[in-house]
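Chains as they are written, first to last, in this note's numbering: chain A, 1 to 515; chain E, 1001 to 1352. Below you'll find the structure, written out as structure tokens, and then a few comments.
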Amino acid sequence: MDDVASLIGGFKVALSWYNLALMMVGILLGVIIGVLPGLGGANGVAILLPLTFTMPPTSAIIMLSCIYWGALFGGAITSILFNIPGEPWSVATTFDGHPLAQQGRADEALTAAFTSSFVGALVAVILITFLAPLIAKFALQFGPAEFFSVYFLTFASFVGMGRGSPFKVLASMCLGFALGAVGLDKVTGTLRMTFGQEQLLVGFDFLVAVIGLFGIGEILSSMESGLKFSGTHATIRLGAVLLTWKKLTQYWVTSIRSCIVGCWMGITPGGATPASFMSYGLAKRFSKRGNNFGKGELEGVVAPETAAHAAGTSALLPMLTLGIPGSPTAAVLLGGLLIWGLQPGPMLFIEQKEFVWGLIASMYLGNIAGLIVVLTCVPLFAAILRVPFSVIAPCILVICAVGAYTVHNSMFDVWMMMVFGVMGYAFNKLGYPLPPLVLAIVLGDRAEESFRQAMLGSQGSLAIFWSNWLVGTIMTLGTILLLWPIFTWLSGKRRSATSEPMPAAAGAAAVDRQP
Amino acid sequence: MMPRSGTRGSGAARLAREMACTALLAGAVAMTLPPTSAYSQGWEPTKPIQFVIPAGTGGGADQMARFIQGLVAKNGLTKQPLITFNKGGGAGAEGFLEVKKAAGDPHIIIITLSNLFTTPYATGVPFGWQDMTPVAMLALDQFILWVNAETPYKTAKDYIEAVKAGDDKTFKMGGTGSKQEDQIITVALEKLTAPKKFTYVPYAGGGAVAVQLVGKHVNSTVNNPIEAVSQWKAGALRPLCLFDVKRSIYTGKVTADMAWSDIPTCKESGVDTEYQMLRGIFMAPGVKPEHVAFYVDLFKKVIATDDWKKFMEEGAFNQTFMTGDEFKTWVAANDKLHYDLMKEAGFLAPGK
Chain A
1 MDDVASLIGG FKVALSWYNL ALMMVGILLG VIIGVLPGLG GANGVAILLP
51 LTFTMPPTSA IIMLSCIYWG ALFGGAITSI LFNIPGEPWS VATTFDGHPL
101 AQQGRADEAL TAAFTSSFVG ALVAVILITF LAPLIAKFAL QFGPAEFFSV
151 YFLTFASFVG MGRGSPFKVL ASMCLGFALG AVGLDKVTGT LRMTFGQEQL
201 LVGFDFLVAV IGLFGIGEIL SSMESGLKFS GTHATIRLGA VLLTWKKLTQ
251 YWVTSIRSCI VGCWMGITPG GATPASFMSY GLAKRFSKRG NNFGKGELEG
301 VVAPETAAHA AGTSALLPML TLGIPGSPTA AVLLGGLLIW GLQPGPMLFI
351 EQKEFVWGLI ASMYLGNIAG LIVVLTCVPL FAAILRVPFS VIAPCILVIC
401 AVGAYTVHNS MFDVWMMMVF GVMGYAFNKL GYPLPPLVLA IVLGDRAEES
451 FRQAMLGSQG SLAIFWSNWL VGTIMTLGTI LLLWPIFTWL SGKRRSATSE
501 PMPAAAGAAA VDRQP
Chain E
1001 MMPRSGTRGS GAARLAREMA CTALLAGAVA MTLPPTSAYS QGWEPTKPIQ
1051 FVIPAGTGGG ADQMARFIQG LVAKNGLTKQ PLITFNKGGG AGAEGFLEVK
1101 KAAGDPHIII ITLSNLFTTP YATGVPFGWQ DMTPVAMLAL DQFILWVNAE
1151 TPYKTAKDYI EAVKAGDDKT FKMGGTGSKQ EDQIITVALE KLTAPKKFTY
1201 VPYAGGGAVA VQLVGKHVNS TVNNPIEAVS QWKAGALRPL CLFDVKRSIY
1251 TGKVTADMAW SDIPTCKESG VDTEYQMLRG IFMAPGVKPE HVAFYVDLFK
1301 KVIATDDWKK FMEEGAFNQT FMTGDEFKTW VAANDKLHYD LMKEAGFLAP
1351 GK
């Protein structure tokens, strides 16, 4: 096979001592970047890009992609330890990862997260290696209607998973939609809900909201419950990695499902964030211990991490073959490589074979190197929680503030973060769930945009959502998932079936009946 | 994958030399600076330079800015690093307002696209080019009318006729943003297809627009060359015409049988529409002449590199370099042009 020969060629280039050393440096830098919320992979790669100009191109690619891997791994650390997701796709990791840390099982959660990321990414890389030309064209099928259907499916697989009242879920989600809508409306080019305030032009960045809602909110809660973290009693277990691996084997179904969800979402350029939410939602619904999700289930860490990394990695495929950036980090990564005369797009695989295979080989190696580095550090990371609260809380606050500031280099965002922090605390106290709010902020305006693009194209006919097998299948799947809670609710309460159905599902049912 | 440099066509080299000369002359005449302000004596940045991109990642402005960042670092053109920031919120208003507010700060520069003109008119956000200090025009970006290569339209006229013959609004034009350059061109084209109109579908970025055309989710686009070139090379897209008064100067083959210069102008194909987009550099208001001089000098060095020339050719840019009063006059005229075009299209925000 031609591909295998090319790949081995790529490995030969990548496996020199110099390149291996660069890999380690890259991973460590990446982890640091991933840990600092707000800095994020995209900024980190952009800042470090000039460092690589003195290196041979292949070494530069290897180091940059290792930074990328490191940042992906690093994002899970703060999500689990401090409830602060550094990237949109780490949000779902906090749902079960942080409760685990609070139970003193941070090392297990970290191991599960790292291992799942590795598995997800590996499956996606294998997919890229062997199926690139075959599936690259698939992304072309995705017009506005298809994009909307994917977002719809994400919301649908997520609805009804909150433990609280469905009305509270709905209220939380609607608030998220409203916050997400602030700023420029991309379809008409007019400003919405900015009230003449310049700071509101850019809308509420997801990161600012999440750092506040989760990170600051968490610190407020910890302060209330006695100025200490609830994971401190954990002993450092050196064998935690092996112990967790043993447990992880029983989640193979979840792993496979998450890999499929992730790869699918990456190739059809849905992205890592919907993939992680969708995968978490599905895992919760189909797991035997679904009711325990959100209280600290390892499976709830495995599902989103696997899917997010499978998606993040396979997103490189449409990027390389079609020139659509799958993520900002990937865009910066390849954008920086323009300096070597590389133009991402359909011709890259033909004109720049050496580069492409070098990159793919470095993806294998970087991923493996990354796993080794982060796993050896698990006890170290977990030990952070043993640092007294009075020392670490101010550090977290500073890191959060820096993170929020970095998003737009604006002090306004730091104040907004504080406001969101108080809001997060209040939400917790009043029993309103945060995940629907965050999901709506992250995906709400994207869903709205593709819905309206589709409506423009179809001249206002909803039939476009069932106009071909692809979009039709996804929409139908989404509708079934959305109505699932009603079915179970109806069969449980056959007597009261005539009474008012759940409002969340009622709206969607109306959409469903159109064609 | 090694840096390709060196071998240039003599024509291109001569042209570049000529352009550099004119630019130098223009600069020398126009910049009313003391002639002694040589690089060695002049002002130099004392901390990292913020390079603001008023657009998201992956688009044309982003690609150019990041390319410049790399070029400057690679050739050691500044002692302080150039660091790019994407501030594309509010159709670029975020970035422009930041520069406007940084009055007197010589360590911040911004690359522009047409949203310098369109965003304030369309949204009413209070900024304009007068709120910043013009430094240099780096190039003009071209627009090309593209269709999917599997469709039967061979010329712009064919396509316009087809739109005319079809039902109203059945032809979809994909573009970047709303009430921005792509939609302005679409409205201009609608004069020719009247009474039939396009359905304009706005997307977030130029790369996505090109892919939507490959996937046949829209019927045509007016992508910049660099946004669609790789799809063209792969045989997925077909260029119909260039929105410029004369053809591109680049004669190197891009596909097996076509060069940029083989694309007819729209006027040649009977579609009399013309539009180009400024790729220029601005500074904060209230900076000193020696600050401006430093950046003019820096960008002269940038455009003199072989890598830059290659980048220009790849994206079929119109290589026009301007500084000083000449540039200011050009910007003022272009601002007026956008105002008129947007007024005609009904894109102005209330009160503008």
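Built from N, CA and C at the ideal position, the CB exists for glycine as well. Every value quoted in this text rests on a predicted model; they were computed, and no experiment measured them.
Quick check: the Cα distance between residue i and residue j, rounded to an integer number of angstroms?
i	j	result
LYS1309(E)	GLN1276(E)	19 Å
ALA275(A)	VAL374(A)	23 Å
THR1323(E)	THR1329(E)	10 Å
GLN197(A)	PHE82(A)	33 Å
ASP1335(E)	LEU15(A)	55 Å
THR1036(E)	ILE1160(E)	At THR1036(E) the pLDDT is 41, less than 50, meaning the model places this residue with poor confidence and gives no usable figure here.
ILE480(A)	GLN250(A)	28 Å
Does any C-beta atom of chain E lie closer than 8 Å to the C-beta of residue i?
i	result
GLU224(A)	no
ASN19(A)	no
GLY189(A)	yes
ASN409(A)	yes
PHE142(A)	yes
GLU198(A)	yes
MET347(A)	yes
LYS12(A)	no
LEU134(A)	no
Residue i lies in the alpha helix (DSSP H); which residues open and close that run?
i	result
THR1046(E)	Looking at the DSSP string, THR1046(E) is not in any alpha helix (DSSP H), and its letter there is neither H nor E.
GLY478(A)	469-492
LYS1172(E)	Careful: LYS1172(E) lies outside any alpha helix (DSSP H), inside the beta strand (DSSP E) at 1172-1176.
ILE394(A)	Before going further, note that residue 394(A) is Pro rather than Ile in the sequence given. That run of the alpha helix (DSSP H) goes 389-408.
Quick check on the DSSP output: the beta strand (DSSP E) that includes residue i runs from which residue to which?
i	result
ILE1263(E)	Per DSSP, ILE1263(E) belongs to no beta strand (DSSP E) and is neither H nor E.
In three-state terms, what does DSSP make of residue i?
i	result
ILE84(A)	coil
TYR1153(E)	coil
GLN1050(E)	strand
ILE1379(E)	With chain E represented from 1001 up to 1352, any question about residue 1379(E) goes unanswered, as that position is not in the structure.
LEU1240(E)	strand
LEU371(A)	helix
SER255(A)	helix
THR1323(E)	strand
PHE293(A)	coil
LEU1113(E)	coil
ASN988(E)	The question about residue 988(E) has no answer, for chain E in this structure spans 1001 to 1352.
VAL1147(E)	strand
SER221(A)	helix
LEU1024(E)	A caution first: LEU1024(E) carries a pLDDT of 43, below 50, which makes its placement in the model too unreliable to give a value.
ARG285(A)	helix
THR1078(E)	coil
GLY9(A)	helix
Kindly say whether residue i, judged by its beta-carbon, lies nearer than 8 Å to any beta-carbon of chain A.
i	result
GLY1104(E)	no
HIS1107(E)	no
THR1255(E)	no
ALA1122(E)	yes
ALA1026(E)	At ALA1026(E), the pLDDT of 43 sits below 50, so the modelled position is not reliable and the matter cannot be decided from this model.
GLU1344(E)	no
SER1178(E)	yes
LYS1267(E)	no
VAL1296(E)	no
PRO1202(E)	yes
GLU1094(E)	yes
Please return the same chain residues whose Cβ sits closer than 7 Å to the Cβ of residue i, not counting the five positions on each side in sequence.
i	result
TYR1339(E)	TYR1121
ARG513(A)	The pLDDT assigned to ARG513(A) is 36, lower than 50, so where the model puts this residue is not dependable; a value taken from the coordinates is nonetheless given after this. Nothing listed; no residue qualifies.
LEU470(A)	GLN141 and GLU146
Apart from the five residues just before and just after residue i, which ones in its own chain have a Cβ nearer than 8 Å to its Cβ?
i	result
ALA1061(E)	ILE1053, PRO1054, ALA1055, ILE1111, THR1112, LEU1113 and ARG1279
LEU175(A)	LEU437 and ALA440
MET223(A)	ALA393
HIS408(A)	VAL202 and ASP205
Name the chain B residues that come within less than 9 Å of residue i, Cβ to Cβ?
i	result
THR1199(E)	Of the protein chains in this structure, namely A and E, none is chain B.
Closer than 6 Å by C-beta to residue i: which residues in its own chain qualify, once you throw out the five before and the five after it? Chain order, please.
i	result
GLU1094(E)	LYS1087
GLY1283(E)	Note on identity: in this sequence residue 1283(E) is Met, with Gly being the wrong assignment. Taken in chain order, the residues that qualify are ILE1109, THR1133 and VAL1135.
LEU179(A)	PHE204 and ILE441
SER79(A)	PRO85, SER90, THR93, THR94 and GLY97
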